[in-house]
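Visitor: First the structure, then my questions, so here it is.
Residue numbers (my numbering), protein chains in the order written: chain A, 1 to 357; chain B, 1 to 283; chain C, 1 to 269.
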């Protein structure tokens with residue numbers, strides 16, 4: 001187990017900067033998820049950590065040791081690839097045993113370790129098959145077994161579940177998480193799927209355009225997004241955003257736009273007048289509650305998911321998406337009263353897009 | 001794709017570049033030098049070029065080469081298109097037919113010429129069959145100094161047999177790249193078979209047709225073995241004259257001029273096709 | 001008969017005609033290659049009735065076809081060796097690296113096909129005479145390598161591109177150096193495709209007649225030998241020679257048939 005430290009890691013391809021001065025400390029045994037839309041640089045960052053890409057600037061440390069310029073084979077890492085990269089010309093057992101064979105381990109030890117790893121993944125009966133005789137899910141397990149067999153110090157995973165069907169993906173999510181917990185290996189996991197990130201990561205690092213936006217536990221990322229991007233990227237349906245002004249009335253600050261006025265908690269550092277108000281769909285209610293703001297609108301579209309109901313409501317200040325638990329009998333075209341929970345609002349500076357509340 | 005600033009790809013390419021510089025670029029320059037220097041003596045001269053241009057055989061060779069290309073290429077493209085359309089219906093066992101059609105691709109012009117000779121020679125199969133059917137009393141002579149017309153057509157048939165598969169393969173690959181959904185959409189909108197061919201197949205096949213045409217035209221101007229074996233110099237052609245000047249007359253510098261004419265024609269054809277292709281793409 | 005049946009019958013008929021058109025010349029030359037000369041010249045026998053190996057025997061042992069065949073085989077083998085030694089690294093570089101000037105290099109390789117071999121053969125003869133390898137198989141090998149090399153580079157690059165780079169990267173992660181990853185993972189995976197392209201290189205060299213004829217006098221390759229002597233020989237020798245020329249190509253293309261369409265597709269781009 002090692003602690004992984006990234007210091008101002010930067011990777012440029014010609015003129016484009018794929019990874020821009022990212023600094024993170026990943027604790028021993030931690031499961032960290034790199035999350036972001038495609039092209040945000042998360043895979044490039046993972047490949048920099050693996051050594052498959054050389055960083056342009058910055059340093060990568062494993063514990064105290066600088067590995068920035070080491071080739072992948074000398075980093076004592078392993079990796080699960082997006083398309084598994086299970087070598088088609090080797091049997092399953094030779095695939096899994098390959099990392100040990102390269103290190104010239106005795107045959108006996110290789111056999112024991114391969115057996116151990118294949119038991120962990122439940123693929124003992126597949127050992128004598130060739131990859132083309134396996135399903136996608138089985139191949140994925142082989143890839144994971146191969147990655148853990150040498151008990152690496154850092155385990156890297158590049159969207160390992162993205163090629164699986166939805167059901168299997170949910171199953172593997174928990175399996176991989178449990179496996180990681182029992183092995184206590186420092187794990188860096190790349191995904192674009194926020195559900196995977198929220199359910200698996202001890203901490204989540206959100207990336208956009210090669211820059212680190214926020215890093216923290218799922219609770220923090222969800223409830224205290226540091227900027228507009230993170231707030232909009234995490235959560236489904238997406239957070240509602242409303243352009244507002246901040247005014248001072250009777251010694252309290254309120255945010256306001258046509259048909260909406262919400263008092264702000266005291267001691268908010270307000271400078272400019274243009275802001276964006278954010279409120280998550282589940283923080284808008286259809287029953288009145290204390291410390292809430294009433295708005296009215298017309299129901300425009302109803303998504304009845306049965307576990308919950310998503311309403312699209314046209315109001316004076318734009319469209320609001322509202323999520324209410326369970327069934328809700330609503331008709332399109334009806335007028336409705338909504339109650340915004342004042343304690344759950346977010347406020348972002350329009351220019352810098354940074355969160356101030 | 002690795003993209004780190006590394007010398008590796010250049011080092012990997014270096015042997016090839018050196019080799020091509022020594023065995024391609026240098027000989028080309030040398031050939032150019034031969035064209036503009038006399039066979040014996042020193043200095044520069046246009047005499048070689050003048051000698052070739054004022055030789056009626058050169059013009060006849062040029063004419064014959066163009067004539068052969070003009071007859072063979074349209075035939076090949078038409079037949080190959082028919083073959084490719086037929087095979088692309090993907091009937092049962094169509095891959096076997098693909099293999100059969102492509103067999104001539106592996107054969108040299110020398111074998112193809114001999115196969116053709118085997119069929120058309122005085123004691124060849126055609127004559128034997130016609131004699132046995134009592135359709136003729138004496139063998140027909142397809143070859144010989146007095147039979148250049150029949151020689152010409154035998155060469156055409158041989159080349160069509162030998163090189164149509166080349167066009168076929170390109171067109172088949174092009175056809176297979178056309179998505180099934182285009183035709184399904186056409187079915188939905190009620191296109192007839194002919195309309196589908198005109199409005200979908202042909203336009204989408206255009207790039208393949210163009211590259212097949214370019215290749216065939218390039219190769220057609222290099223035609224050698226089949227003509228040399230079946231007709232010798234009865235039908236002079238550019239490559240044949242190059243060969244003749246070089247090996248029989250040992251007029252190396254004259255041969256170089258012939259070689260250069262073929263090279264220039266090739267470059268000209270490529271240039272015309274490529275600019276044509278480009279403008280077609282931009283439309 | 002219903003429409004479907006007529007259609008499949010028609011398909012069958014057309015397929016049969018196509019097969020006949022492409023196979024007949026090969027069947028005929030095979031018959032003629034083995035026919036006794038008496039049967040061949042007998043106008044009453046369309047299909048010869050008596051067969052013999054004597055033409056092969058004569059060609060190989062008393063005429064110089066045996067020597068020529070050996071030279072042809074050696075030239076082809078050495079051409080494959082040399083062109084692969086040069087071309088495989090270049091093909092690998094094209095498929096695996098992004099680098100400045102990559103497109104220019106690719107275009108350069110492609111454009112070499114514009115130059116007909118005719119223009120190369122003439123100066124090469126003079127160069128080879130100067131360095132003393134004219135009329136040797138080495139001269140032909142060098143010329144054939146020039147002809148085959150661009151083809152090898154383009155084909156191998158597309159074969160390597162077909163081997164997922166992740167296989168190689170996984171090997172790097174799990175403890176191999178770059179060169180070892182190439183030899184242990186990429187090369188075995190690319191081997192069938194490389195073998196097929198070697199076969200195509202063989203066929204190109206084996207079939208090439210113009211350069212071989214110009215560069216050699218005594219040490220002629222088989223096609224060069226046929227070109228210079230065939231028309232003065234009795235017919236049955238011509239066909240035996242044509243048959244000998246055709247057989248290795250046919251055998252090899254049979255083994256490479258799975259790659260036929262894709263390889264020709266690449267080489268003709």
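C-beta atoms are modelled at their ideal positions from N, C-alpha and C, and glycine is treated no differently.
1) Name the chain B residues whose beta carbon is nearer than 9 Å to that of residue 209 (chain C)?
2) Below 6 Å CB to CB, which residues in the same chain sit around residue 354 (chain A) once its five sequence neighbours on both sides are set aside?
3) What are the residues that DSSP puts in a beta bridge with residue 177 (chain B)?
4) Tell me whether residue 45 (chain A) is buried or exposed, calling it buried when 16 or more other Cβ atoms sit within 10 Å of its Cβ.
5) Put residue 103 (chain A) into one of helix, strand or coil per three-state DSSP.
6) DSSP on residue 64 (chain C), reduced to helix/strand/coil?
7) Jot down the residue ranges of each uninterrupted beta strand (DSSP E) in the segment 187 to 258 of chain A, minimum 3 residues, whole runs only, in chain order.
8) Could you have a look at residue 323 (chain A) and say whether DSSP puts it in helix, strand or coil?
9) Just the Cα atoms here: how many angstroms apart are residue 14 (chain C) and residue 158 (chain B)?
10) Just confirm the distance between the C-beta atoms of residue 300 (chain A) and residue 314 (chain A), as a whole number of angstroms; I'd bet it's less than 8 Å.
11) Can you grab the Cα-Cα spacing for the pair residue 265 (chain B) / residue 19 (chain A), in whole Å?
12) My assumption, with CB atoms under 8 Å, is that residue 113 (chain B) sits in contact with residue 226 (chain B). Please give the rounded CB distance.
13) In angstroms, rounded to a whole number, what distance separates the CA positions of residue 205 (chain C) and residue 6 (chain C)?
14) Using a Cβ-Cβ distance cut-off of 8 Å, determine whether residue 188 (chain C) contacts chain A.
15) Hey, could you find the ends of the beta strand (DSSP E) residue 26 (chain B) is sitting in?
16) Tell me where the alpha helix (DSSP H) around residue 294 (chain A) begins and ends.
17) So, at 6 Å on beta carbons, what are the nonlocal neighbours of residue 86 (chain B) in its own chain, with the 5 sequence-adjacent residues on each side left out?
18) Tell me which same chain residues have a C-beta within less than 7 Å of the C-beta of residue 138 (chain A), skipping the five on either side of it?
19) Which residues of chain C have a Cβ atom closer than 7 Å to the Cβ of residue 246 (chain B), listed in chain order?
20) Go ahead and label residue 241 (chain B) buried or exposed: buried means 16 or more other beta carbons lie within 10 angstroms of its beta carbon, across all protein chains shown.
21) Tell me, please, whether the segment 211 to 222 of chain A touches the segment 16 to 35 of chain A by the rule of three or more beta-carbon pairs shorter than 8 Å.
22) What first and last residue would you give for the alpha helix (DSSP H) that runs through residue 77 (chain B)?
23) Quick one: is residue 239 (chain C) near chain B, going by C-beta distance under 8 Å?
24) Tell me residue 349 (chain A)'s beta-bridge partners as DSSP assigns them.
25) Spatial neighbours of residue 7 (chain A) within its chain, please: C-beta separation below 6 Å, excluding the five flanking residues on both sides.
26) Considering only their Cβ atoms, is the gap separating residue 276 (chain A) from residue 367 (chain A) smaller than 8 Å?
27) Given this structure, state the Cα-to-Cα distance separating residue 123 (chain B) from residue 141 (chain B), to the nearest angstrom.
28) I'd like the ranges of any alpha helix (DSSP H) spanning at least 4 consecutive residues and lying wholly in the segment 191 to 247 of chain C.
29) To the nearest whole angstrom, what separates the beta carbons of residue 145 (chain A) and residue 78 (chain A), a pair I think is in contact under 8 Å?
30) Helix, strand or coil for residue 67 (chain A)? Go by DSSP, reduced to three states.
31) First and last residue of the alpha helix (DSSP H) that includes residue 157 (chain A)?
32) Out of C:184, C:86, C:254, state which residue places its alpha-carbon closest to the alpha-carbon of residue 89 (chain A).
33) How would you list, in chain order, the residues of chain C whose beta-carbon sits under 9 Å from the beta-carbon of residue 161 (chain B)?
34) Compare the beta carbon distance of residue 169 (chain C) and residue 85 (chain A) with 8 Å and say whether it is the shorter of the two.
35) CB-CB under 8 Å to residue 282 (chain B), same chain, minus the five flanking residues each way: which ones, in chain order?
36) Per DSSP, residue 308 (chain A) is paired with what?
Guide: Once the coordinates are examined:
1) In the third chain, residue 209 (chain C) corresponds to position 209, counting from 1. Under the 9 Å cutoff, chain B gives 108, 109, 110, 224, 225, 228.
2) Position 354 of the first chain, counted from the first residue, corresponds to residue 354 (chain A). For residue 354 (chain A), where only same-chain residues beyond five positions count, the Cβ hits under 6 Å are 227.
3) Residue 177 (chain B) sits at position 177 when you count from the first residue of the second chain. According to DSSP, residue 177 (chain B) bridges with nothing at all.
4) On the first chain, position 45 is the one that residue 45 (chain A) refers to. Buried: at least 16 other Cβ atoms inside 10 Å.
5) Counting from one through the first chain, the residue named residue 103 (chain A) turns up at place 103. Looking at residue 103 (chain A) - three-state DSSP - the assignment turns out to be coil, as it is neither helix nor strand.
6) In the third chain, counting from the first residue as 1, residue 64 (chain C) sits at position 64. Reduced to three states, the DSSP call for residue 64 (chain C) is coil.
7) 203 to 208, 211 to 216, 240 to 249, 252 to 257
8) Walking along the first chain from the start, residue 323 (chain A) turns up at place 323. Residue 323 (chain A) falls in the strand class under three-state DSSP.
9) Here residue 14 (chain C) corresponds to residue number 14 of the third chain, with the count starting at 1. Here residue 158 (chain B) corresponds to residue number 158 of the second chain, with the count starting at 1. Cα to Cα, the separation comes out at about 21 Å.
10) Stepping through the first chain from its first residue, residue 300 (chain A) is reached at position 300. Stepping through the first chain from its first residue, residue 314 (chain A) is reached at position 314. Sure, about 5 Å apart at Cβ, within 8 Å.
11) As a working note, residue 265 (chain B) is residue 265 in the second chain. As a working note, residue 19 (chain A) is residue 19 in the first chain. Distance between the alpha carbons of residue 265 (chain B) and residue 19 (chain A): 51 Å.
12) Position 113 of the second chain holds residue 113 (chain B). Position 226 of the second chain holds residue 226 (chain B). A Cβ-Cβ separation of about 5 Å places residue 113 (chain B) in contact with residue 226 (chain B) under the 8 Å criterion.
13) The residue you call residue 205 (chain C) lines up with position 205 of the third chain. The residue you call residue 6 (chain C) lines up with position 6 of the third chain. Spanning the two alpha carbons is a distance of roughly 46 Å.
14) By 1-based counting over the third chain, the position of residue 188 (chain C) is 188. Closer than 8 Å: yes.
15) Looking up residue 26 (chain B) in the second chain gives position 26. That residue, residue 26 (chain B), is in no beta strand (DSSP E); its alpha helix (DSSP H) goes 26 to 35.
16) Start at 1 with the first residue of the first chain, and residue 294 (chain A) comes out as number 294. Not the alpha helix (DSSP H): residue 294 (chain A) falls in the beta strand (DSSP E), residues 292 to 304.
17) Taking the first residue of the second chain as position 1, residue 86 (chain B) is located at position 86. Taken in chain order, the list of residues that qualify is empty.
18) For the purposes of this step, residue 138 (chain A) is identified with residue 138 of the first chain, where counting begins at 1. Taken in chain order, the residues that qualify are 123, 126.
19) Here residue 246 (chain B) refers to the residue found at position 246 when the second chain is read from its first residue. Within 7 Å Cβ-Cβ: 122, 214.
20) Position 241 of the second chain holds residue 241 (chain B). It counts as buried.
21) Look at the beta carbons and you see the segment 211 to 222 of chain A touching the segment 16 to 35 of chain A: at least three pairs across the two are nearer than 8 Å.
22) For this step, residue 77 (chain B) is matched to residue 77 along the second chain. 56 to 87 is the extent of the alpha helix (DSSP H) around residue 77 (chain B).
23) Residue numbering aside, residue 239 (chain C) sits at position 239 when the third chain is read from its first letter. So yes, residue 239 (chain C) belongs to the interface.
24) What you label residue 349 (chain A) is simply residue 349 of the first chain in a count that begins at 1. The partner list for residue 349 (chain A) (beta bridge, DSSP) reads A:275.
25) Translated into positions along the first chain, residue 7 (chain A) becomes position 7. Closer than 6 Å at Cβ, skipping near neighbours: 23, 58, 59.
26) As shown, chain A starts at 1 and ends at 357. That puts residue 367 (chain A) outside it, with no answer to give.
27) Locating residue 123 (chain B) in the second chain gives position 123, counting from the first residue. Locating residue 141 (chain B) in the second chain gives position 141, counting from the first residue. Using only the alpha carbons, I get a separation of about 10 Å.
28) 210 to 215, 222 to 229
29) As a working mapping, residue 145 (chain A) is identified with position 145 in the first chain. As a working mapping, residue 78 (chain A) is identified with position 78 in the first chain. With a Cβ gap of about 11 Å, residue 145 (chain A) and residue 78 (chain A) do not count as contacting.
30) Residue 67 (chain A) sits at position 67 when you count from the first residue of the first chain. If DSSP states are grouped into helix, strand and coil, residue 67 (chain A) belongs with coil.
31) Taking the first residue of the first chain as 1, we reach residue 157 (chain A) at position 157. Following the DSSP letters along the chain, one finds residue 157 (chain A) in no alpha helix (DSSP H) but inside the beta strand (DSSP E) bounded by residues 154 to 158.
32) Locating residue 89 (chain A) in the first chain gives position 89, counting from the first residue. When only C-alpha atoms are compared, the closest one is C:184.
33) Within the second chain, numbered from 1, the residue matching residue 161 (chain B) stands at position 161. Within 9 Å Cβ-Cβ: 21, 22, 25.
34) Here residue 169 (chain C) refers to the residue found at position 169 of the third chain. Here residue 85 (chain A) refers to the residue found at position 85 of the first chain. In this structure, residue 169 (chain C) lies near residue 85 (chain A), with their beta-carbon atoms less than 8 Å apart.
35) Against the second chain, residue 282 (chain B) aligns to sequence position 282. With a pLDDT of 44 at residue 282 (chain B), under the threshold of 50, the modelled position of this residue cannot be trusted, and the question is left open.
36) Along the first chain, read from residue 1 onward, the residue named residue 308 (chain A) stands at position 308. Partner(s): A:325.
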